[in-house]
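For the record, in the sequence shown the residue sitting at position 46 is 87 according to the working numbering, with numbers rising by one throughout. Quick reminder that beta carbons are idealized off the backbone N, C-alpha and C, glycines included.
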Amino acid sequence: MQRRRHRTMRDNSNTGAVVMLVLFVIAFLIFINSALKPVIMNMAESYGKMSVAKAVDGAVSELFEREDIGYSDLVKLTFSDSGFVTAVEYNSAEINRIKLALSNSLVSSLEKLRASKIKVPIGSITGNAYLSGRGLSLRLRIMQSSVPVIEVISSFESEGINTVLHRIIIRITVESDAYLPPRKVSFSLTQDFVIAQTIIVGDIPSGYADIG
Numbered sequence: 042m043q044r045r046r047h048r049t050m051r052d053n054s055n056t057g058a059v060v061m062l063v064l065f066v067i068a069f070l071i072f073i074n075s076a077l078k079p080v081i082m083n084m085a086e087s088y089g090k091m092s093v094a095k096a097v098d099g100a101v102s103e104l105f106e107r108e109d110i111g112y113s114d115l116v117k118l119t120f121s122d123s124g125f126v127t128a129v130e131y132n133s134a135e136i137n138r139i140k141l142a143l144s145n146s147l148v149s150s151l152e153k154l155r156a157s158k159i160k161v162p163i164g165s166i167t168g169n170a171y172l173s174g175r176g177l178s179l180r181l182r183i184m185q186s187s188v189p190v191i192e193v194i195s196s197f198e199s200e201g202i203n204t205v206l207h208r209i210i211i212r213i214t215v216e217s218d219a220y221l222p223p224r225k226v227s228f229s230l231t232q233d234f235v236i237a238q239t240i241i242v243g244d245i246p247s248g249y250a251d252i253g
């Protein structure tokens with residue numbers, strides 16, 4: 042009878058130790074999770090931006106490798122008798138066609154990114170150069186929160202005496218969400234691509250309108 046009582050007390054003691062250990066582990070994990078949350082989400086945002094930038098670069102490169110587009114396809118210059126540019130006229134139809142083609146290419150590229158899962162090595166979260174890229178990986182998913190915005194911008198910059206550099210720039214803005222269950226971080230990425238440029242002799246032409 043006494044032996045059974047001692048055994049029961051020992052079992053209760055072991056059970057209490059196990060419970061205490063489990064509670065300690067849970068508290069430790071909660072503490073680590075809370076402490077590392079900002080670091081983890083910053084890392085998720087960084088990886089998300091890199092992935093979106095790569096997808097956007099790929100879409101733009103694919104379009105302009107397929108299309109042979111030059112400055113004269115987008116812009117018509119009017120010259121004075123002395124050879125100076127007096128007016129700049131934009132080919133709106135061609136510019137709108139490029140924006141539509143690029144939009145389709147972007148949607149396709151970003152859909153592929155959405156369907157994939159990006160691996161974020163846990164070692165990279167520590168900030169230690171030796172551990173970077175090592176260890177188990179967290180699964181990151183990227184989704185677009187809105188349709189990509191495509192702007193076509195006309196830029197004039199003085200290059201010296203009587204010379205102006207005229208650029209046609211495509212500006213792409215993508216709003217995205219990076220999911221690292223159960224959390225989410227939102228971010229925005231804006232990239233500029235020069236699609237055509239030329240040197241204009243003379244001052245900035247007075248007869249030009251922005252592409253809008």
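In the DSSP assignment, R182 forms a beta bridge with Y220. Unbroken beta strand (DSSP E) runs of no fewer than 3 residues, entirely contained in the segment 110-134, are found at 116-120, 126-131, following chain order. Look at I202 here: in three-state DSSP terms it is coil, with no helix or strand label. K225 carries a strand assignment under DSSP once its states are collapsed to helix, strand and coil.
Excluding its 5 nearest sequence neighbours in each direction, T231 has C-beta neighbours in its own chain below 6 Å: T214, listed in chain order. By the criterion of a C-beta distance shorter than 6 Å, A96 is surrounded in its chain by S150, L151, L154, once the five residues flanking it on both sides are discounted. With 16 or more other Cβ atoms inside 10 Å of its own Cβ, S146 counts as buried.
Counting other Cβ atoms within 10 Å of its Cβ, I236 reaches 16 or more and is therefore classed as buried.
Burial check for I211: the Cβ neighbour count within 10 Å reaches 16 or more, so the residue is buried. Put simply, the backbone Cα of Y88 is about 13 Å away from that of S229.
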